[in-house]
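For reference, the structure is listed below as structure tokens.
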Amino acid sequence: MASGSASSGSTTGKTVVTRFAPSPTGYLHIGGARTALFNWLFARHHGGKYLLRIEDTDRARSTEPAIDAIFDGLTWLGLDGDEPATFQFARSDRHAEVAAALLASGHAYRCYLTQEELAERRQKAQEARRPFRIDSEWRDADPSTWPADKSYVVRVKAPRDGETTISDLVQGEVTVRNEEIDDFVILRSDGTPTYMLAVVVDDNDMGVTHVLRGDDHLNNAFRQLVIIQGMGWDVPTYGHVPLIHGSDGAKLSKRHGALGVDAYRDDMGVLPEALFNYLLRLGWGHGDEEFISREKAVEWFDMADVGKSPSRFDIAKLQNLNGHYLREAEDARLAELVLPRLVQAGYENPDLALLTRAMPVLKVRAKDLNELAEGAAFLFAKRPLAFSEKAQALLTDEARGRLAAIHERLFSVSDWALEALEASLKAMAEDLGLGLGKLAQPLRAALTGQTTSPGIFDVLVLLGRDESLARIGAQADAATGSHI
Ligand code: GLU
30 MASGSASSGS TTGKTVVTRF APSPTGYLHI GGARTALFNW LFARHHGGKY LLRIEDTDRA
90 RSTEPAIDAI FDGLTWLGLD GDEPATFQFA RSDRHAEVAA ALLASGHAYR CYLTQEELAE
150 RRQKAQEARR PFRIDSEWRD ADPSTWPADK SYVVRVKAPR DGETTISDLV QGEVTVRNEE
210 IDDFVILRSD GTPTYMLAVV VDDNDMGVTH VLRGDDHLNN AFRQLVIIQG MGWDVPTYGH
270 VPLIHGSDGA KLSKRHGALG VDAYRDDMGV LPEALFNYLL RLGWGHGDEE FISREKAVEW
330 FDMADVGKSP SRFDIAKLQN LNGHYLREAE DARLAELVLP RLVQAGYENP DLALLTRAMP
390 VLKVRAKDLN ELAEGAAFLF AKRPLAFSEK AQALLTDEAR GRLAAIHERL FSVSDWALEA
450 LEASLKAMAE DLGLGLGKLA QPLRAALTGQ TTSPGIFDVL VLLGRDESLA RIGAQADAAT
510 GSHI
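Everything in the sequence shown is counted per my numbering, starting at 30 for the first residue and increasing by one.
Pasting the structure below:
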């Protein structure tokens, strides 16, 4: 095998099969979610299949809660696999079987070099200032000379001359000299497969045609090719996507607001369609389109449009998108999502129907579900209302006097509806020679305990006649006797 080449492959003829293969050592992070999304979209765009594989071979670090969080996050984003997920650890026997096949065909060898011998060689190379290469005398040893009673690892026989080129869907042609690829271990001395082997075997057995993943795996692809070619398997088409960076250009971390998907959902109150759209635009674009639906994403998605340079994470963009999707979302759905947040904030049994009715005027003012819950809170507040400092400041004696007059006016409004209420208060403002704002400000404070809220007539209608009059009355009663 002097030189090898992995062609970009064709998406015609063969059904496209992609996979998302997270290691469940942490929660589903933003980079992983984007990889899942690109795999899902690519499969959907080509009418293919998108599979999940949980790479749980690191037994010490793979946890059940992390696996659950990954499934949960994917389901929330609408990125469930098309088939039940494959668990890598459960396939160890199959991985070992492939290692045995590579041994039998001479594409791998038993290496009896001990840790100490390797360390010694590594040190010698260091002292001589030359790069360390595994140059095992066992590489070409006759199998009949393999000791039966000594511990060994199985190493793959990597080609030593020539070069290997991968035509990557994102990176273009990438060439590596074969001498740079070492004889890496595929089976440890305890007989367990290494990650490098497991990935290749699973991808092959799952029929994966396109390996789309972070570009931190590009180097691995060259090593994985050695196994693939040793087995004579089909070479998948690769697409290595640049990693996500923070807004300052540094590697993305929590400091940049990069969290697990669950944090965007639970703590930040982000809608799944907003995160979907945000992740999609993170490294991929279609002209200047900002708001892209699932359907359009499937129609337009192509790996050729994935950028070669790292994309930057921008939390403000995500919030803007979220505001957009909140305004588009169905009121009943938003009410269901906001309700638990109100309960958590201490409001007992908030009325879902009222919350739904209020949604059209609430959602235009919010960027996330938390803001929506904050905006809705006044509807469920119990008397005596709590007042913000600003609202309190508005409730001067003069304002309380006006509230008494407003109470009197509104008390006589028989049709408690937007138009009648508006007409009544406007007439009152005119009678008094005051701007409507002079009435609306204390009224808003009395009704909501805040200085910002949806339109004052909407507030009156939503609270209803009795509650509105009671809240106005409570503040008017607190007047010290001054009049308008
Ligand atoms: N399990 C690897 C990871 O989480 C991905 C392996 C792959 O996509 O080939 O980084």
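Cβ coordinates follow ideal geometry from the N, Cα and C atoms, glycine included.
query: Does the Cβ-Cβ distance between residue 368 and residue 379 come in under 8 Å?
result: yes
Same chain only: Cβ atoms within 6 Å of residue 415, ignoring 5 sequence neighbours per side: 478
field: Per-residue DSSP class, three states only, for residue 197
entry: strand
task: For residue 302, count neighbouring Cβ atoms within 10 angstroms of its own Cβ and tell me buried if that reaches 16, exposed if not.
output: buried
task: List in chain order the residues whose CB is within less than 6 Å of at least one heavy atom of ligand 1.
output: 50, 51, 52, 84, 228, 242 and 246
- request: Would you identify the three-state DSSP class for residue 92, choosing helix, strand or coil?
  value: coil
message: According to DSSP, is residue 139 part of a helix, a strand, or is it coil?
response: In the structure shown, residue 139 sits in a strand (DSSP, three-state: E or B).
- prompt: For residue 266, which of helix, strand or coil comes out of DSSP?
  reply: strand
- prompt: Out of curiosity, what's the CA-to-CA distance linking residue 408 and residue 491?
  reply: 8 Å
query: residue 350 lies in the alpha helix (DSSP H); which residues open and close that run?
result: 344-357
field: Range covered by the alpha helix (DSSP H) that runs through residue 436
entry: 426-440
query: Hey, is the segment 182-189 in contact with the segment 81-90, meaning 3+ C-beta pairs nearer than 8 Å?
result: Taking one beta carbon from each stretch, the segment 182-189 and the segment 81-90 have fewer than 3 pairs nearer than 8 Å; the two do not touch.
field: residue 49 (DSSP reduced to helix, strand or coil)
entry: strand
query: Taking one C-beta from the segment 53-65 and one from the segment 238-252 each time, how about it: are there three or more such pairs within less than 8 Å?
result: Judged by Cβ distances under 8 Å, the segment 53-65 makes contact with the segment 238-252, as three or more pairs qualify.
message: Determine whether the beta carbon atoms of residue 298 and residue 390 lie at a separation below 8 Å.
response: No, these two residues do not count as a Cβ contact at 8 Å.
- request: Ignore the nearest five residues each way along the sequence and tell me which others in residue 202's own chain have a CB closer than 8 Å to its CB.
  value: 194, 195 and 196
query: Where residue 167 and residue 128 are concerned, what is the direct C-alpha to C-alpha distance, given to the nearest angstrom?
result: 16 Å
Beta carbon of residue 134 nearer than 8 Å to that of residue 181: no
- prompt: With C-beta atoms as the reference, is residue 412 less than 8 Å away from residue 499?
  reply: yes
query: Going straight from the alpha carbon of residue 274 to that of residue 268, what length do you get?
result: 18 Å
message: According to DSSP, is residue 115 part of a helix, a strand, or is it coil?
response: Under the three-state reduction of DSSP output, residue 115 falls in the strand class.
- prompt: Do the segment 244-262 and the segment 316-335 touch if we need at least three Cβ pairs shorter than 8 Å?
  reply: The way I'd put it, the segment 244-262 doesn't touch the segment 316-335; fewer than three beta-carbon pairs between them come closer than 8 Å.
query: For residue 339, which of helix, strand or coil comes out of DSSP?
result: coil
message: Below 8 Å, how does it come out for the segment 109-128 and the segment 156-166: are there three or more Cβ pairs, yes or no?
response: no
- prompt: Helix or strand or just coil, what does DSSP make of residue 399?
  reply: Three-state result, residue 399: helix.
Residues sharing a beta bridge with residue 490, DSSP: DSSP lists no partner for residue 490.
query: According to the Cβ coordinates, are residue 116 and residue 330 closer than 8 Å?
result: 8 Å or more divides the Cβ of residue 116 from the Cβ of residue 330.
query: Would residue 476 pass as a contact of residue 435 if the rule is Cβ separation under 8 Å?
result: no
- prompt: With a Cβ-Cβ cutoff of 8 Å, do residue 450 and residue 486 count as a contact?
  reply: yes
field: Residues that DSSP places opposite residue 517 in a beta bridge
entry: The requested residue 517 is not part of the displayed model; the chain covers only 30 to 513.
query: The alpha helix (DSSP H) with residue 214 in it runs from where to where?
result: DSSP places residue 214 in no alpha helix (DSSP H) but in the uninterrupted beta strand (DSSP E) bounded by 214-216.
query: Do you know how far the Cα of residue 300 is from the Cα of residue 229?
result: 36 Å
query: On the three-state DSSP scale, how would you describe residue 168?
result: coil
message: Let me make sure I understand the geometry here. Which of 51, 144 and 456 has the alpha-carbon closest to that of residue 83?
response: 51
query: How would you write the range of the beta strand (DSSP E) that residue 78 sits in, first residue to last?
result: 78-83
- prompt: Under the rule that 16 or more other beta-carbon atoms within 10 Å means buried, what is residue 463, buried or exposed?
  reply: exposed
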